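Protein chains in written order, with UniProt numbering: chain A, 1 to 903; chain B, 1 to 903. Ideal Cβ positions, reconstructed from N, Cα and C, are used throughout, including at glycine. Everything numeric in this text was worked out from a predicted model, so none of it was measured.
1) Following the continuous beta strand (DSSP E) through residue 520/B, name the residue where it begins and the one where it ends.
2) When DSSP builds the beta bridges, which residues end up paired with residue 12/B?
3) May I ask you to list, following chain order, the residues of the segment 815–844 of chain A that have a beta carbon less than 8 Å from some beta carbon of chain B?
4) Hey, how far is the Cα of residue 197/A from the Cα of residue 856/A?
5) Report the residue ranges of all alpha helix (DSSP H) runs contained in full by the segment 796–848 of chain B; include only those spanning at least 4 residues, in chain order.
6) Chain B partners of residue 734/A, CB-CB under 9 Å?
7) Would you mind working out which of 327/A, 476/A, 307/A and 236/A sits nearest residue 281/A, comparing C-alpha positions?
8) What distance in whole Å lies between the Cβ atoms of residue 84/A and residue 128/A, which are believed to be in contact at a cut-off of 8 Å?
9) Taking only beta-carbon positions, decide if residue 683/B is within less than 8 Å of chain A.
10) Report the three-state DSSP secondary structure of residue 256/A (helix, strand or coil).
11) Strictly under 8 Å for the Cβ-Cβ distance: is residue 648/B near chain A by that measure?
12) Is the Cβ of residue 730/B closer than 8 Å to any Cβ of chain A?
13) In whole angstroms, give me the CA-to-CA distance for residue 170/A and residue 161/A.
14) Straight-line CA distance for residue 313/B to residue 806/B?
15) So which residues on chain A does residue 148/B lean against when the C-beta distance must stay under 9 Å?
16) Is there a C-beta anywhere in chain A that falls below 8 Å from the one on residue 777/B?
17) Who are the Cβ neighbours of residue 412/A in its own chain at under 6 Å, not counting the five residues just before and after it?
18) Mind checking if residue 794/B is an interface residue toward chain A, Cβ cutoff 8 Å exclusive?
19) Pair every Cβ in the segment 756–767 of chain B with every Cβ in the segment 709–722 of chain B, then say whether three or more of these pairs are closer than 8 Å.
20) Using the Cβ count rule (16 or more neighbours within 10 Å means buried), how would you classify residue 887/B?
21) Using CA coordinates, which residue listed in 739/A, 27/A and 629/A is at the minimum distance from residue 782/A?
22) Output needed in chain order: residues of the segment 641–667 of chain B with a Cβ under 7 Å from some Cβ in chain A.
23) Given this structure, state the Cα-to-Cα distance separating residue 92/A from residue 120/A, to the nearest angstrom.
24) Terminal residues of the continuous beta strand (DSSP E) containing residue 409/A?
25) Going along the chain, which residues of the segment 412–426 of chain B sit with their C-beta nearer than 7 Å to a C-beta in chain A?
26) At a threshold of 7 Å, does residue 224/B count as lining the ligand NAD (C-beta to nearest heavy atom)?
27) From the DSSP output, in three-state form, read off residue 602/B for me.
28) Taking Cβ positions only, does residue 767/B come closer than 8 Å to chain A?
29) Examine chain B for any beta-carbon lying closer than 8 Å to the beta-carbon of residue 455/A, and answer yes or no.
30) List the DSSP bridge partners of residue 481/B.
31) Would you mind reading off the limits of the beta strand (DSSP E) that contains residue 692/B?
32) Taking beta-carbon pairs under 9 Å, can you tell me which members of the segment 692–716 of chain B lie near chain A?
33) Could you list the residues in the segment 570–598 of chain A with a C-beta less than 9 Å from some C-beta on chain B, going in chain order?
34) For a test of the three-state rule: what should DSSP assign to residue 280/A, helix, strand or coil?
35) Does any residue of chain B bring its CB to less than 8 Å from the CB of residue 797/A?
36) Taking residue 55/A as the reference, give the member of 214/A, 709/A, 510/A and 450/A with the closest Cα.
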């Protein structure tokens, strides 16, 4: 939605504004905004993303771009009173990429364009600084060769090595001007030899080729990989910013720095940053010289410092958020080269949002949009104690959050051995594959030296909820020697203690003390708000505001009285999924086995009678703990085989017994029945409503347990609102059939106990056909609850147990999806079924209540989708409830303030 | 679309017509038509199905029906010059059900309404026949008691048994009139005692209650079951026909019979039927007395016979089809009580359709609509030789067609033993369950004594393509004694020969000679058309006409040169599915095992090289045999585990080896890898395109084999049109990725061989998400082919291997579906995905070719759906090709003649 003239591709900084990020990229839009604010931005212009997209599509710049560049260049020369590459007094310019979303380090920048064999002399004369002029030319030649002409670094290093050696110099700046001049000549020879063409001596050709190179850098493999990981669309393209050069490397009265309007790590108020005297920006990045804290600039150059503070204040008031800035001081004059709303940690996000409210800059609604459910999730993991002082051993990619401390184990066998001995374990591998699963299960944390957020280790660790750091490349692992060695030759032997932070990717040697999340401590009632720090209070304040805004209900998946009590503490408004099969584990498993293998109806009935007692007792406890809130009980769902002995184990036992003439009579006795009931794809077999139809009396027993528990707890004076959910419904006929059976039992218990038993009966929508036939099903259902785990498995034909390890890392790497569809709902495929079922279900039954009880119910991106799809509530694990509450509030605020971006 | 006045429920026979079957039911509409044709139909009226539907919904007749009945009854009395139940000279009427689709024996009929304790004397006096009058009253009392008042048969039998015993009578007719009168009194006492009310003496009350009883009979469990089995919608309701009684039991000059205008068994021209003197229709049905062939009526009553022949000729000319008729002669006067287009066998259907064309009564288009793909399918099974003379031993339900001859085996173990000894087997069980699967696999035919077309045995046998007769209730099976005994005490011992006809349900003792289907012999080129009988010529003629009409292409699923040659002979226009995994069976299986378990890339490549040679040779043969026709090759699809040793077997071998200190080194060696690759739900695991992405070079090897084979066969001068189909696509990204790899190989082979290799690349649509994202996928696909087997499995969450036996019989019985969704496409669920994918795929890519290659491609009902959904072709097994051709022709004709019924 640009207000800039269409049909043009190039815009002066003074033309744009911060709202033009689609067209001008983030950097260009912010340069335009600062120019309009009157801040000291060097003059220049932006070539829009539309030109990039056209270039990438056709291989050529659109017609007219060249002419537009000429016109803007002419204006720039006029303002600067110099011509680009003028031999006598050259105007120099920088060419920088700038996409809509920041991709730091991913794309190209070229400085000092305009220097040629001739104009370098003009620059030397005008600046009175031979060394500066030749060093600038060297910088241009190196950057240009690498970026525009694809000359390998190695070739460039070799070209200058003779001069370095002769002068014993460590950095180019240490060379005398004449030596740099000779190095420039060597560089030009190397370029011509390698690129098959000389370095262009026409300044305009330098510019044109540089623009194209920046556009091309959008499509490098590393840029593509970065975008996939950061969920940035691949078709946006980058803008190019052309700006008059200013120089921080003109002596002690010059310099360059970065500054933040608040501390981006902690969120503490007050400016924060680094300054490097007599240097250009790239020198700060290279880290060859040490920066000083920003505050020292006040001593070095009080005028520039005051100007910077004023500019930062202007920016924060204007952007109404934490800003970061790149600036340069050239001979005592301050230039601001870039600004943007600054990145920040999760805790800084919450603190800053609430500070800005208190400062009157933003509203609580806006504050809510400044924090994300993902950030709140990070704050809910245990973490290393602040200021623990244990130095970092190595760094990798934080691939699955959480803090883990344990002894290093170099394979699954060792991990299991340590775990069996009661020790915490960190599994250390080069990379993992499905063979490592037992070790991953035994470990509290996983460390790999290869791969990133999409590697097998990362995907599996996130699925298991274990902390994981991937791609710790500085660590060399030798599994045979059972040791790992860092680049600094620090040796980690098996059994040594390691501590790893799955959020930051930092690995420590030894034990770093872990502290629980204060947020969780607060929810659990172990920390009073009054005693808590400002972070907890900020979270609490924003959550309360989210609750007051949101339209989406938040329920919990909870199967035990302990779970449901925690769910209440975390703010659940009910139980959206109470799985009854968990009630059949442990000793009760044998009962289900007997039920399934029962030879006679009498035997079956006797098992059902036993189960009735147990289930009723379970429900009584849950109903008591959730008094007054709805509890949605799902009738038994999982495949039969989960209740039966494993076929392979039984076969082995029976065969070994026979082979050793010590027959295993129990195994023999069970084998035939287990073989008969064995399914080749249990996920698609006898389960859910099918089991209810196949085992007469099973659903009736469960309904009776619910109804009788309701009557008992209601008689105690507690309101009970049970809801009965039938799983694996594929069509209306199944629900009609089962509902008849359920209603008959309810009627019987009602008339016997005199209790009203206010129950709703609904369908779990987890089979694609149920979504496709939602209209018919809704006529027999009081509610729908989407089981998005199974719906995803079936819509994609993905067995989560099987493909997450074997296929997902490959699919993520190939960009087939950007995030596992089990982590965030696949909106295109599964989401389409959800939308369709909601629309057609409500059409057929306007009173239909619709929720979701899959794990997606606690994923922020998925919650945004569910809210937009019009669901009434989400249900998720107790720990995710605050995340869901916050996200639901954000969605409500974003949708009421049209056009707001909830990313 | 009735032309009758709306707002009325009752219509005189003279008002309606044969087009009013929705409103008047089949019988009522045909009575109306015959009345209009001037045929001798007793006067009467029809109470419409709309009244039935209202009655079933509200429990009461709609307002006005009673008044309408009164008016029509008054008119009837006027025409007949008698009043209903007039004590002096009663008008008697019949009340008969009549739904739109015939449901023989399922609903109720009540005759002789109008007889009371008084009017029976009037009837006796007027007819001059005491015996006739009292016997009519007895018939009314018995029918009424059973039908309207729910008195059990047993009670009625007991009531008359004393009179029978006293007179030593076998049938009521043998009693003297006075005895029947006493029996009537006994019946009335029994009725009053059991029904809690006396038999109504008010004739109008008799009528009103009878009408309600007929309406209620629509909803009896057996009527519901019948409708489910016959796929008749459950909400149509029945009409009631009220007709003046005529009597075939008035002496030797009276009688009753049924007649067909042609032989419904063979289709031979000329009338055909049975006649029973001095009897009513129910006596024919009861079968207590023997009928005589219809031709004898010419001798008994030449006038009536001539009248009947004339009426039949009128009807056949008018209906332009085989008609059957029920008629009665009352004292030399012919009455026609019912007609309808007659049911016929499959062979009769083909013969009659072509005869009617030759007689100028119908067009070839119409003839095509008179036969079905299902009927053609029946004619393609081997059958027992006509006139084999082996008497029937017993009869059951023909549950899976085909003729089977073999030795009786009473359990799986015996069946496997006989089969291992090289004998044909018929498995005989009371009923089957999954434990019987090995025996069913070993047998050529299956016989059960319980259950019907939806039983486990029936469902599994149809899935396996084995002949099956179910529900042979007259056979008592004793599996322990290994014998079965018929009602006539014929004993079948294990090992005795049995022959069973799965189409007709007839079981013979001994060996009945089986002959191949002449239709198949003709297609296979083993029978010349000139030497064939008129049935083969009729089929050929209608198939050729179908080919000339149809728009839907018919391709074959064929994996071997032999299959593809047969496919051509049966009329395939190409191969729609050539599965490459079948090429990996047998000795080659080991290669795939090596490929998957290979430790190094070199090892993998060497296996791929070996596979390339083998696959190329396979494709060369297939391309030669299909020269000029397209061949769609599906890249390897099935789950990995199909190529690996079974995990349980390996585990047992390894464990036994260890336990007996004779280690099985091969098993030990494979176990870890097989365990690592083991999947809990292989259907949803690493297969199809995923395998192609996970095993680098696999799809490239297959593409190379196809491309090189194409170049080789093209160089021989044969046109080759290979198409490459990628299985298990879930989204466009997978297809894009794989297509790049395929195109690269094609380009390389093209440039190396100089052969053009005209290849299309497409996606198999078998994952729900692919259908939901068809628009995006179509942009990268030249064609779609629906894999409806997997699409059904995933849309329903049904693993066919698991649920067909465990769940389907229950689901069919409960009416959750009327036919297995693997037999006929589930139009509501899976069909919705198909329609959506066709529409959105064509939208995105107008040149997209769309076909189906699942087994549904050979199922007539599914083909009708696919044609309506706009598919370009269906692909099916070679034997089903004629069925598909015929059905596609029928659909084309039906859709061009608007409003025609293709059922």
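Considering the structure as presented:
1) Counting along the chain, residue 520/B falls outside any beta strand (DSSP E), though it belongs to the alpha helix (DSSP H) covering 518–523.
2) 45/B
3) 815, 816, 817, 826, 828, 829, 830, 832 and 833
4) 56 Å
5) 800–806, 808–813 and 830–844
6) By Cβ distance, chain B contributes 811, 814 and 816.
7) For residue 281/A, the closest alpha carbon among the candidates 327/A, 476/A, 307/A and 236/A is that of 327/A.
8) Contact between residue 128/A and residue 84/A fails: their C-beta atoms lie close to 21 Å from each other, not under 8 Å.
9) Yes, its Cβ sits closer than 8 Å to a Cβ of chain A.
10) In this structure, residue 256/A counts as strand in the three-state DSSP scheme.
11) Closer than 8 Å to some Cβ of chain A, the Cβ of residue 648/B qualifies, so yes.
12) Yes, residue 730/B counts as interfacial toward chain A.
13) 10 Å
14) C-alpha separation (whole angstroms): 52 Å.
15) Chain A residues near residue 148/B: none, gap ~28 Å exceeds 9 Å.
16) no
17) 436, 438 and 439
18) yes
19) Touching, yes, given that three or more Cβ pairs across the two stretches are closer than 8 Å.
20) buried
21) 739/A
22) 647, 648, 651, 652, 655, 656, 659 and 660
23) 10 Å
24) Per DSSP, the unbroken beta strand (DSSP E) holding residue 409/A starts and ends at 403–409.
25) none
26) The model on display carries no ligand, and the ligand NAD is accordingly not part of it.
27) helix
28) With its beta carbon less than 8 Å from one in chain A, residue 767/B belongs to the interface.
29) no
30) Residue 481/B is not bridged by DSSP to any residue.
31) Here residue 692/B belongs to no beta strand (DSSP E); instead the alpha helix (DSSP H) covers 689–694.
32) Per Cβ criterion, the list reads 693 and 694.
33) Result list empty, no residue passes.
34) The DSSP-derived three-state label of residue 280/A is coil.
35) Judged by the 8 Å Cβ criterion, residue 797/A is in contact with chain B.
36) When only C-alpha atoms are compared, the closest one is 214/A.
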